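Taking it in order: structure first as structure tokens, then the write-up.
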Amino acid sequence: MFQVDVSARTLAPFVELVGGERVARVTGRAASIAKLLGGRVVWNVNSTAVGGGVAEMLRSLLRYARGLGIEVRWVVMEGEPDFFRITKRLHNALHDEAGDGSALGPDEAAAYDRVTRANMTELERLVRPGDVVICHDPQTAGLVPLLVAKGARVVWRCHIGHEDRGVHVDAGWGFLRPYLADVPVAAFSRGAYAPAWLPRKRFVVLPPNIDPFSVKNQLMPEEAVRDVLVRSELVSAPMSEVGPVFVREDGTPGRVERRARVVREGTPPLWHVPLVVQVSRWDRMKDHVGVLESFARLVRGDAADAPLDTHLVLAGPSVSGVADDPEGPSVHAEVKAAWRALPDAVRRRVHLVELPMDDADENAAMVNALQRHAAVIVQKSLREGFGLTVTEAMWKRRPVLASAVGGIQDQIRDGVDGLLVHDPTDRAETAALLARVLSDPELGVRLGDAAYERVRADYLSVASLERWADLLELLHDARSAASAQPA
């Protein structure tokens, strides 16, 4: 287990986005929360410091909370490969997917407990009675009863889930229930994700958020966008005098120097070529193969008004760069095999991109540039807890085409903030919607502008700070009520 350093950051830049009154209100709430905490620490525990939406949200929220005077810290648990195989199986199960089909029985529970207790040995040296500990996702669920027994105030935050019960969902919750049956408070991205056995009074709904000033979401001039993509070998164009520059998380100047690893035939697409882009982990639930097949329909002209010169970019992290996602290499291999099977005319327009993870800020700058340059951004997931890549795309004012699953449905109002694929397994529907938005630039602008405003109102870090203040007050009130009960 190791701690992640996060520097404090002021909320002042949010005044221009959400107004001074709202920022002042959040600042006042933070002072009240600090008083409630009485010098206690708010700990966050998850399983990776980079390479996923949870890590990105934590980095954002913690730095603003620290800037508001709240003592927040972040620790990352570690484990053997078998532990992450089990937790990936749980991840898939809570999305009602079989994953690798392995068991979730006593042997797996024993392996899970062994890693959990090893991490708890280190965590109990840090956490004091009365501290708040927020445990994120299935990897950390085993810590909950151990922390409660030590006198911590515990929240289990689940970023994933599925609306309906099914054999895999039931198996996942069956595995986790012994650890979570008595959790003081749980938080879900959608209320429908909570298991039936968890009382309604013990869970809250907390939609995720993005940081508009992070490297991945900061404003980037068009010249810098082009130069970053040229340097990364994702497009072909002359470099400008600006260069592949961005502002790092610590406020210092940054410059993209690394190249992406790309599976393609020929050279990168020219700068003026419209790109259909999906950015996501190499995960079967992101349905990369389905995107490939839908794009093939578009290129073949099965969809009316299909543009003649469009390329597809499927981008994700380096397959060796995400510690808690052991399926990445095998999924990438499956996508590469599907790419090889495409007709020549389609395959030449498809680019499979692994973005380097050696420098998290540089990786984020590449994603930012790629999203800002996209003609349309796709997220054709088969399952999705929330879909932060959708939120990020909406923030970039890009037209977004995404599956009507999970939290994506909460973000996109079909035809208003983006376009929804109502059956993500229907390649013809996806191809038709792609053709529609690519052939109608005015529609793309309208959808992108509305998407930006939607995120500005509901899904920025400042909104999440407000919701977390509500939750910490709830946790305090619950503890006070329990203390007031006669013995």
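Numbering (my numbering), first residue to last: 869 to 1355.
Where is the CB? At the ideal position from N, CA and C, for every residue including glycine.
Here the structure is a predicted model, which means the values were calculated and not measured.
Around the C-beta of G1312, 16 or more other C-beta atoms lie within 10 Å, and the residue is accordingly described as buried. Rounded to the nearest angstrom, the gap between the Cα atoms of R1165 and L1287 is 18 Å.
Here D1282 carries a strand assignment [DSSP, helix/strand/coil].
Here Y980 really is in contact with I954; their C-beta atoms are around 6 Å apart, less than 8 Å. Around the beta carbon of A1062, 16 or more other beta carbons sit within 10 angstroms, so the residue counts as buried. Taking 7 Å as the cut-off, the Cβ atoms of P1137 and V1103 count as close.
Excluding five sequence positions before and after H1156, the CB atoms of its chain that fall closer than 6 Å to its own CB belong to L1182 and V1203, given in chain order. One alpha carbon belongs to P1106, the other to M925, and they sit about 35 Å apart. Counted as a single uninterrupted DSSP element, the alpha helix (DSSP H) harbouring V1235 occupies residues A1228 to H1241. Excluding residues up to 5 positions away in sequence, K1018 lie with their Cβ nearer than 7 Å to the Cβ of E992 in the same chain. By alpha-carbon distance to F870, the top candidate from G947, A933 and G937 is G947. When DSSP states are grouped into helix, strand and coil, S915 belongs to the coil group. The region 1117-1126 and the region 1140-1154 do not touch, with fewer than three beta-carbon pairs separated by less than 8 Å.
Between L885 and F951, the alpha-carbon positions lie close to 42 Å from each other. Counting C-beta atoms within 10 angstroms of its own C-beta, R1045 has fewer than 16 neighbours from the protein chains shown and is therefore classed as exposed. DSSP, read as helix, strand or coil, puts A1270 in strand. Judged by pairs of C-beta atoms under 8 Å, the region 892-899 touches the region 1316-1334, as three or more such pairs exist.
If the five residues before and after N960 are omitted, its C-beta is found closer than 6 Å to the C-beta atoms of G967, all from its own chain and listed in chain order. Under DSSP, L1138 forms a beta bridge with S1104. Bridge pairing for P1121: V1115 [DSSP].
Taking the Cα positions, R1266 is about 13 Å away from L1087. Per DSSP, reduced to three states, the secondary structure at Q1007 is helical. In summary, K903 is exposed, with fewer than 16 beta-carbon neighbours lying within 10 Å of its beta-carbon over all protein chains present. Under the DSSP definition of a beta bridge, E1222 partners with R1129 and G1184. For A1055, the uninterrupted beta strand (DSSP E) run begins and ends at V1053 to F1056, by DSSP. Bounds of the beta strand (DSSP E) holding I1245 are V1244 to Q1247. In this structure, DSSP gives H963 a state outside helix and strand, which the three-state scheme calls coil. About 6 Å separates the beta carbon of L1143 from that of H1179, a gap short enough to meet the 8 Å contact definition.
Straight-line measurement puts the Cα of G1253 at about 10 Å from the Cα of E1031. The C-beta distance from S1162 to T1298 rounds to 4 Å, short enough to fall under 8 Å.
Counting along the chain, no alpha helix (DSSP H) covers V874, and no H or E run does either. The C-beta separation of S1108 from R1127 comes to about 18 Å, leaving the pair out of contact by the 8 Å criterion. Contact check for L1238 against V1115 fails: the beta carbons are separated by 7 Å or more. Taking all protein chains shown into account, P1185 has 16 or more neighbouring C-beta atoms within 10 Å of its C-beta and is therefore buried.
Distances from the CA of V1244 to each of M945, A917, V1305 and L930 were compared; the closest alpha carbon is that of V1305. V874 and T1257 have their C-alpha atoms roughly 22 Å apart.
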